[in-house]
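Chains as they are written, first to last, in the working numbering: chain A, 1 to 114; chain B, 115 to 268.
First comes the structure, then the notes that go with it.
Written out as structure tokens, the structure is:
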């Protein structure tokens with residue numbers, strides 16, 4: 001599990017890579033929180049383009065960051081969810097809470113404009 | 115003759131795996147089950163569903179069964195008539211109320227950022243899920259997923 005972060009106009013973009021299970025989430029949660037603190041929780045985009053596997057621990061990670069960002073009046077969006085992950089996203093109903101975009105650009109734009 | 119032999123193997127095959135309740139072993143468990151299931155020639159979607167369900171059951175054993183303390187998780191897999199059966203067993207704390215645990219979004223450990231979707235995912239991704247649990251003794255999760263219809267396999 002790895003992640004790559006960059007900041008676009010104050011919005012933190014996190015590109016996740018590898019397998020997002022309980023083991024990976026335990027390590028990655030704090031890394032994302034550290035980066036969010038540096039950008040004052042203004043906005044967060046999580047990209048799933050590089051994720052080959054995700055279970056409910058990944059859902060917990062998303063909801064946890066959603067609470068942390070929106071609790072500080074920031075906005076959050078998801079993008080580039082691969083077909084393999086689509087069922088778990090649909091089943092969980094998480095997309096009713098956190099908006100999903102096809103591309104990273106449109107997710108960043110939506111978070112910035114919100 | 116060769117064909118008959120292959121079918122006989124496919125109808126009754128099994129594997130067992132036991133490992134300490136360390137989170138590193140979650141990927142080991144789902145990759146092992148997925149490799150074992152390959153002999154049924156599953157679709158990519160079936161394999162993803164199977165891996166996800168195994169990951170949920172093993173994660174539950176580690177987080178909830180053993181509450182992140184050291185213990186042993188036992189995994190048993192068998193193939194029977196085109197279906198894969200998976201049993202995940204722990205000797206942990208057990209579940210006091212299985213019906214409550216089954217509810218979507220229910221979690222006994224909200225402080226761990228659990229989504230409460232683990233059992234719901236198992237039930238949606240597998241054809242059968244049976245949970246036997248004795249508080250203080252442990253939990254056994256038995257799951258079954260049809261990979262190929264009998265007529266297509268034989």
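Beta carbons are placed, not taken as given, at the ideal position from N, Cα and C, and that holds for glycine.
Values in this document were obtained by computation on a predicted structure and should not be read as measured data.
Collapsed DSSP secondary structure at residue i in the structure displayed
i                      : result
residue 134 of chain B : strand
residue 61 of chain A  : helix
residue 208 of chain B : coil
residue 181 of chain B : coil
residue 198 of chain B : strand
residue 126 of chain B : coil
residue 20 of chain A  : strand
residue 120 of chain A : Look at the range of chain A in this structure, 1 to 114, and you will see that residue 120 of chain A is not part of it.
residue 240 of chain B : coil
residue 97 of chain A  : coil
residue 220 of chain B : coil
residue 203 of chain B : strand
residue 152 of chain B : helix
residue 106 of chain A : helix
residue 228 of chain B : coil
residue 116 of chain B : Residue confidence is low: residue 116 of chain B scores 45 on pLDDT, short of 50, so the model does not pin down where it sits. No coordinate-derived value is stated.
residue 167 of chain B : helix
residue 146 of chain B : helix
residue 114 of chain A : coil
residue 9 of chain A   : coil
residue 70 of chain A  : helix
residue 173 of chain B : helix
residue 162 of chain B : helix
Residue(s) in a DSSP beta bridge with residue i
i                      : result
residue 246 of chain B : B/254
residue 75 of chain A  : A/43
residue 4 of chain A   : A/15
residue 259 of chain B : B/198
residue 186 of chain B : B/134
residue 84 of chain A  : Bridge partners of residue 84 of chain A: none, in fact.
residue 192 of chain B : B/128 and B/199
residue 48 of chain A  : None, per the DSSP bridge assignment.
residue 53 of chain A  : A/19
Selection from the options that minimises the alpha carbon distance to residue i
i                      : options                       : result
residue 14 of chain A  : A/31, A/26 and A/87           : A/31
residue 149 of chain B : B/188, B/187 and B/193        : B/193
residue 129 of chain B : B/137, B/164, B/190 and B/178 : B/190
residue 184 of chain B : B/135, B/244, B/255 and B/247 : B/135
residue 104 of chain A : A/63, A/89, A/44 and A/22     : A/44
residue 27 of chain A  : A/96, A/57 and A/85           : A/57
residue 251 of chain B : B/165, B/197, B/206 and B/195 : B/206
residue 69 of chain A  : A/42, A/111 and A/10          : A/42
residue 60 of chain A  : A/93, A/37, A/39 and A/5      : A/93
residue 256 of chain B : B/227, B/225, B/241 and B/200 : B/200
residue 223 of chain B : B/254, B/240, B/160 and B/182 : B/182
residue 91 of chain A  : B/237, B/225, B/198 and B/227 : B/237
residue 167 of chain B : B/246, B/153 and B/242        : B/242
residue 72 of chain A  : A/37, A/54 and A/95           : A/37
residue 176 of chain B : B/261, B/253 and B/258        : B/253
residue 248 of chain B : B/157, B/209 and B/145        : B/209
Would the region 156 to 172 of chain B count as touching the region 228 to 235 of chain B if we require 3 or more Cβ pairs under 8 Å? yes
Whether or not the region 76 to 89 of chain A and the region 49 to 65 of chain A are in contact is what I'm after, with contact meaning three or more pairs of Cβ atoms, one per stretch, closer than 8 Å; do they touch? yes
Do the region 137 to 146 of chain B and the region 209 to 216 of chain B make contact, defined as three or more Cβ pairs closer than 8 Å? no
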